[in-house]
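Residue numbering for the sequence shown follows the working numbering, beginning at 35 and increasing consecutively. Here's the structure we're looking at; comments come further down.
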Amino acid sequence: MNKGKIRVGVIGAGAISDIYLTNMTGMFSDRLQVTRIAARRLENARKKAEQYGLTACTTEELLAAPDVDLAVILTPVGTHGTLIRQALEAGKHVYTEKTLTDDLEEAAALVKLAREKGLYLASAPDTFLGSALQTARKAVDEGLLGEIHSFAVSANRNNDVLLSLFSFLRQPGAGILYDYAVYYMTALVSLLGPVARVGSIIGHPYPSHVNILPQSPDYGKTMDTPNESQISAVIQLRSGVTGTFHIDADCNMQDQAYFALYGTRGILYLSDANQFGGSVRYLPDMNLETREPGEMKELEPFPRYQKNARGVGPWDLAGAIREGRPCRASGEMAYHVMEALTAMLLGGEEGAFRDIQSTCDRPAPWGE
Numbered sequence: 035m036n037k038g039k040i041r042v043g044v045i046g047a048g049a050i051s052d053i054y055l056t057n058m059t060g061m062f063s064d065r066l067q068v069t070r071i072a073a074r075r076l077e078n079a080r081k082k083a084e085q086y087g088l089t090a091c092t093t094e095e096l097l098a099a100p101d102v103d104l105a106v107i108l109t110p111v112g113t114h115g116t117l118i119r120q121a122l123e124a125g126k127h128v129y130t131e132k133t134l135t136d137d138l139e140e141a142a143a144l145v146k147l148a149r150e151k152g153l154y155l156a157s158a159p160d161t162f163l164g165s166a167l168q169t170a171r172k173a174v175d176e177g178l179l180g181e182i183h184s185f186a187v188s189a190n191r192n193n194d195v196l197l198s199l200f201s202f203l204r205q206p207g208a209g210i211l212y213d214y215a216v217y218y219m220t221a222l223v224s225l226l227g228p229v230a231r232v233g234s235i236i237g238h239p240y241p242s243h244v245n246i247l248p249q250s251p252d253y254g255k256t257m258d259t260p261n262e263s264q265i266s267a268v269i270q271l272r273s274g275v276t277g278t279f280h281i282d283a284d285c286n287m288q289d290q291a292y293f294a295l296y297g298t299r300g301i302l303y304l305s306d307a308n309q310f311g312g313s314v315r316y317l318p319d320m321n322l323e324t325r326e327p328g329e330m331k332e333l334e335p336f337p338r339y340q341k342n343a344r345g346v347g348p349w350d351l352a353g354a355i356r357e358g359r360p361c362r363a364s365g366e367m368a369y370h371v372m373e374a375l376t377a378m379l380l381g382g383e384e385g386a387f388r389d390i391q392s393t394c395d396r397p398a399p400w401g402e
């Protein structure tokens, strides 16, 4: 068992890289040693390397470097497949920001390749390892809700702003399902287990948008926006638990979240699955003797991680590598979540329910 630090090479120097680099070189440095950073534009990698005390290099140099054990990929989803394959072929473990790829067959092949090579492949929005969802996981595991029989998810975004701000959201594979619904689907699977089938309706009412940001060089220009922006679905889990799943990216600028689990002993209200922290509230069932309604209670939050802890996924993966155990953001779970999201997209186009072929284990909660 390797008890030393896992040496990390980061591929991608965009906006999300700063929080990963800050956390991996700070709060998660007990397991991780970030050594290198690569980017499509080498000058961007050099800026980050100077800021964080790293070596800037090309992707090819990073994957050939002996001081890199783990490649952390923070590039747009359309590049993930090629980079993951190259890293695995080079003998590196891999962690990628959601999702695995933008193609389900390619994702399956990469999970298989990692298994054949005896390497770890991990991918997830690692918010499911944060305080709020771990608080909910503890409540579920301890039976606070009794028998859980349904759930409801409803959330929004504002594409007018986001599509103007982030060009990668206009690329294939970066619609509301892969880019945002993945947070909620990962949360559901981590809390309640794998998906059995889905039925959905997909919305794409605005195939183009006008850039509304005055500071953008493309301000006022019309942009092609080919990806889906609305999803309304029914999901049945393998456990039999069934619920609704709704996301609208053509709505309010500030994300709003409704996320509830319904059980025989009450209701659990969760926070935004795109955040690490947030309150988790429990509404117990009515008192049958007094006929008085239950009193809403805010559960004591799990102590870690309440603030933005992106990088906890690679940190947990480093522990798995050292200890020879499964990692929580496993490639198998990431593939299963991706299959469910893809089934929503295809089923929405066909107007049909689709069965989910893959399965996965629920990731262990903290403390196990």
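Backbone N, C-alpha and C define an ideal beta-carbon position, used for all residues, glycine too. Note that the structure is predicted; figures quoted are calculated from it, not measured.
Unbroken alpha helix (DSSP H) run spanning residue i, endpoints
i, result
"His-183", "Unbroken run through His-183 is the beta strand (DSSP E), 182–190; no alpha helix (DSSP H)."
"Gln-85", "76–86"
"Pro-348", "346–357"
"Thr-133", "First-last for Thr-133: undefined, no H or E at that position."
"Tyr-54", "51–58"
"Leu-225", "216–226"
"Gly-115", "114–123"
"Ala-307", "Looking at the DSSP string, Ala-307 is not in any alpha helix (DSSP H), and its letter there is neither H nor E."
"Thr-404", "Any answer about residue 404 is impossible in this case: the structure gives the chain only from 35 up to 402."
"Leu-196", "193–199"
C-alpha distance - residue i paired with residue j, whole-angstrom precision
i, j, result
"Val-216", "Gly-87", "33 Å"
"Gly-353", "Thr-93", "25 Å"
"Val-244", "Gly-254", "6 Å"
"Pro-241", "Leu-199", "17 Å"
"Met-35", "Asn-190", "Here the model assigns Met-35 a pLDDT of 38, short of 50, so the residue's position is not dependable and the matter cannot be decided."
"Ala-79", "Ile-45", "9 Å"
"Leu-197", "Arg-74", "22 Å"
"Gln-270", "Ala-377", "13 Å"
"Gly-365", "Arg-325", "48 Å"
"Pro-360", "Gln-205", "33 Å"
"Gly-60", "Thr-278", "39 Å"
"Pro-318", "Leu-179", "8 Å"
"Pro-160", "Ile-118", "Checking the sequence, you will find Asp at residue 160 rather than Pro. Taking the straight line joining both Cα atoms gives about 18 Å."
"Ile-182", "Gln-290", "24 Å"
"Thr-89", "Leu-108", "17 Å"
"Asn-193", "Val-145", "32 Å"
"Ser-250", "Glu-123", "39 Å"
"Ala-121", "Val-106", "10 Å"
"Ala-386", "Ala-230", "14 Å"
"Gln-85", "His-370", "37 Å"
"Thr-298", "Asp-306", "24 Å"
"Ser-392", "Leu-104", "26 Å"
"His-114", "Lys-39", "25 Å"
"Thr-256", "Tyr-339", "40 Å"
Local Cβ density within 10 Å of residue i, reported as buried at 16 or more and exposed below that
i, result
"Ile-50", "exposed"
"Pro-228", "buried"
"Ala-72", "buried"
"Met-372", "buried"
"Asp-389", "exposed"
"Gly-358", "exposed"
"Met-320", "exposed"
"Thr-133", "buried"
"Asp-350", "buried"
"Glu-131", "buried"
"Gly-125", "exposed"
"Ser-157", "buried"
"Thr-116", "exposed"
"Gly-401", "exposed"
"Gly-152", "exposed"
"Gly-213", "The question names Gly, but residue 213 is Asp in the sequence shown. Under this definition Asp-213 is a buried residue."
8 Å contact criterion, which residue i and residue j should meet: CB distance rounded
i, j, result
"Val-102", "Gly-43", "4 Å"
"Val-314", "Leu-163", "Going by Cβ atoms, the distance from Val-314 to Leu-163 rounds to 15 Å, so no, they are not a contact pair."
"Ser-475", "His-280", "There is simply no residue 475 to check, as the chain begins at 35 and stops at 402 in what is shown."
"Ala-343", "Asn-57", "6 Å"
"Leu-155", "Ala-148", "4 Å"
"Leu-96", "Arg-70", "5 Å"
"Phe-336", "Gln-168", "4 Å"
"Val-195", "Ile-246", "7 Å"
"Glu-262", "Leu-211", "6 Å"
"Val-232", "Gly-381", "6 Å"
"Phe-310", "Lys-341", "6 Å"
"Met-219", "Ala-374", "6 Å"
"Leu-304", "Tyr-316", "Not confirmed; about 10 Å, so no contact."
Beta strand (DSSP E) segment containing residue i, residue limits
i, result
"Gly-43", "40–45"
"Ala-291", "291–297"
"His-280", "276–282"
"Gln-67", "66–72"
"Val-10", "Residue 10 falls outside the range modelled here, since the chain spans only 35 to 402, and no answer is possible."
"Val-232", "229–237"
"Leu-317", "315–318"
Quick check on the DSSP output: what are the complete beta strand (DSSP E) runs of length 3 or more inside the region 353–389, in order along the chain?
387–389
Just list the beta strand (DSSP E) runs in the region 145–181, keeping only unbroken ones of 3 residues or longer that don't cross its boundaries, in chain order.
155–157
Tell me the start and end of each unbroken beta strand (DSSP E) in the region 243–279 that is at least 3 residues and wholly inside, in chain order.
256–258, 264–271
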